[in-house]
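A.B. asks: This is the structure, below, for whatever I ask next.
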Amino acid sequence: QTVVTQEPSLTVSPGGTVTLTCASSSGAVTSAYFPNWFQQKPGQAPRALIYGTSIRHSWTPARFSGSLLGGKAALTLSGVQPEDEAEYYCLLYYGGAPVFGGGTKLTVL
Amino acid sequence: QITLKESGPTLVKPTQTLTLTCTFSGFSLSTSGVGVGWIRQPPGKALEWLALIYWDDDKRYSPSLKSRLTITKDTSKNQVVLTMTNMDPLDTATYYCARRMGPVPTRFDFWGQGTLVTVSS
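Structural data, given as structure tokens:
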């Protein structure tokens, strides 16, 4: 069973920049895994942010960007806002079977 | 406007079978590349993908739960149904359905609000 690993928690100051990563137990993450990123706030359903590694949905603010970094998928938040405090999940596709990461709790402090 | 909404029992007993329905609007499950998936989230834990059904009736299941899951669609009613057999307290979770768009790059874009299912005797 493939495991997708994210940082359990990160803290960032308002206005700062932070990068969340998403690693695969099967090796380097490539664009063929079609990395997706989701934001989830307490009591809410997940909201899609990024797909296809770096493509923003129409509703995703420009301060969110996706990339591949050092064999991992990455989500970078630039100019972090207080409302960005949330849990962030990545999703990788393995031959048609999606696997979620364990999530990163982002604190804006 | 695309919406999805999950419905089903809020409480099931251990060993019972859970049946959840996802009713959606704003898109068609007969359109090429479209799918609907089920994802769950135990309280305080991470998201877990369960099952996917595609426009062409292709179906995919989580390997760890495959023996307990069945996903079907009714295109005329805009509904997708998930059944999970032999429910256990560890299956207590919020269950979400989401639209899957593809083929490339594949993504889940719109999600339902989720429905909390508690497994307890």
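In order, the protein sequences belong to chains A and B.
So in the numbering used here, the last spot in the first sequence is 119, and the numbers never skip.
So in the numbering used here, the last spot in the second sequence is 134, and the numbers never skip.
Glycine included, every Cβ here is placed at the ideal spot set by N, Cα and C.
(1) Measure the C-alpha to C-alpha separation of Thr98(B) and Leu31(B) and round it to an integer number of angstroms.
(2) Between the C-alpha atoms of Pro18(A) and Arg57(A), what's the straight-line distance to the nearest angstrom?
(3) List, from N- to C-terminal side, the beta strand (DSSP E) runs of 3 residues or more that fit wholly inside the stretch 70-102 of chain A.
(4) In angstroms with no decimal places, state the Cα-to-Cα distance between Ile66(B) and Thr96(B).
(5) In chain A, which residues lie less than 7 Å from Ser77(B) when you measure between Cβ atoms?
(6) Is the beta carbon of Gln126(B) sitting closer than 8 Å to the one on Ala55(A)?
(7) For Thr107(B) and Gly37(A), I'd like the C-alpha separation in whole angstroms.
(8) Compute the beta-carbon to beta-carbon distance between Val39(A) and Leu87(A), rounded to the nearest angstrom, for a pair I have assumed lies under 8 Å.
(9) Considering Cα atoms alone, identify which of Lys58(B), Gly21(B) and Arg73(B) is closest to Thr85(B).
(10) Would you call the stretch 102-117 of chain A in contact with the stretch 56-63 of chain B, where contact means no fewer than 3 C-beta pairs closer than 8 Å?
(11) On the DSSP letters alone, give me the boundaries of the beta strand (DSSP E) that Lys115(A) sits inside.
(12) Are Thr63(A) and Ser77(A) close, meaning C-beta to C-beta below 8 Å?
(13) Please classify Ala106(B): does DSSP put it in a helix, a strand, or coil?
(14) For Ala33(A), I'd like the list of residues in its chain whose CB is within less than 6 Å of its CB, leaving aside the five on either flank, ordered along the chain.
(15) Note down, in chain order, every chain A residue with its Cβ under 9 Å from the Cβ of Gln126(B).
(16) Taking the alpha-carbon of Ile52(B) as reference, which of Leu82(B), Ala111(B) and Gly39(B) has the nearest alpha-carbon?
(17) What did DSSP end up calling Ala42(A) once you bin it into helix, strand or coil?
(18) From the DSSP secondary-structure annotation, give me the bridge partner or partners of Thr16(B).
(19) Once DSSP output is grouped into helix, strand and coil, what is the label at Ser19(A)?
C.D. replies: Taking the structure as given:
(1) 6 Å
(2) 19 Å
(3) 74-79 and 82-88
(4) 13 Å
(5) Gln11
(6) yes
(7) 31 Å
(8) That pair is no contact at about 19 Å.
(9) Arg73(B)
(10) yes
(11) Thr114 to Val118
(12) yes
(13) strand
(14) Thr15 and Lys82
(15) Gln54 and Ala55
(16) Ala111(B)
(17) helix
(18) Ser38(B)
(19) strand
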